[in-house]
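Here's the structure we're looking at; comments come further down.
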Amino acid sequence: MADGTLIALISLAVTFLFIIGVPIFLVIGFWVAGVSLVIDVTLANLGVTLFEGLSFFGLLALPLFIMTGDLINAAGIAKRLSDFAYSCLGFVRGGLGM
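Here is the structure:
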């Protein structure tokens, strides 16, 4: 079976696991196990290969952005910020789309 077809099947299986509600750590583990079979990495080098792939700055920015948004929401800053924006632009027609 071609590598592209196998990766597509693994991706479909992972999507199905997400849909039926399997915990995320199990889904990611299944995905890593499936892809490690496709890219033919030895078990000794698997950790290094995964770390090199995941240490890309672009992949780190998204989870940190989500964590920052959750922190802002939990601290109540988001509500105060939206209230301030509404007080500044709320009277303008179409001024604030909230």
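Heads up, the sequence shown is in the UniProt record's numbering, so the first residue is 1 and it goes up one at a time.
Note that the Cβ used here is the ideal one computed from N, Cα and C, for glycine as well.
**Asked** For F16, does the three-state DSSP call read helix, strand or coil?
**Response** F16 falls in the helix class under three-state DSSP.
**Message:** Once the 5 residues before and after I66 are set aside, which same chain residues still bring their CB inside 8 Å of it?
**Reply:** Answer for I66: no residue qualifies.
**Asked** When the Cα atoms are used, what is the spatial distance from T15 to R93?
**Response** Answer to the nearest angstrom: the Cα atoms are 43 Å apart.
**Prompt:** Out of F30, I24, P23, L26, which has the shortest C-alpha to C-alpha gap to I7?
**Reply:** Among F30, I24, P23, L26, the Cα nearest to that of I7 belongs to F30.
**Prompt:** Alpha carbon to alpha carbon, what distance is there between A74 and L43?
**Reply:** Between the C-alpha atoms of L43 and A74 there is a straight-line separation of about 41 Å.
**Asked** V32 and L9: beta carbons closer than 8 Å?
**Response** Between V32 and L9, the gap from beta carbon to beta carbon reaches 8 Å or more.
**Message:** Which residue marks the beginning of the alpha helix (DSSP H) containing R80, and which one marks its end?
**Reply:** Per DSSP, R80 belongs to the alpha helix (DSSP H) from 77-89.
**Prompt:** Which same chain residues, not among the five before or five after V41, have their C-beta less than 7 Å away from its C-beta?
**Reply:** Counting only residues of its own chain and dropping the five nearest sequence neighbours on each side, V41 has a CB closer than 7 Å to the CB of T49.
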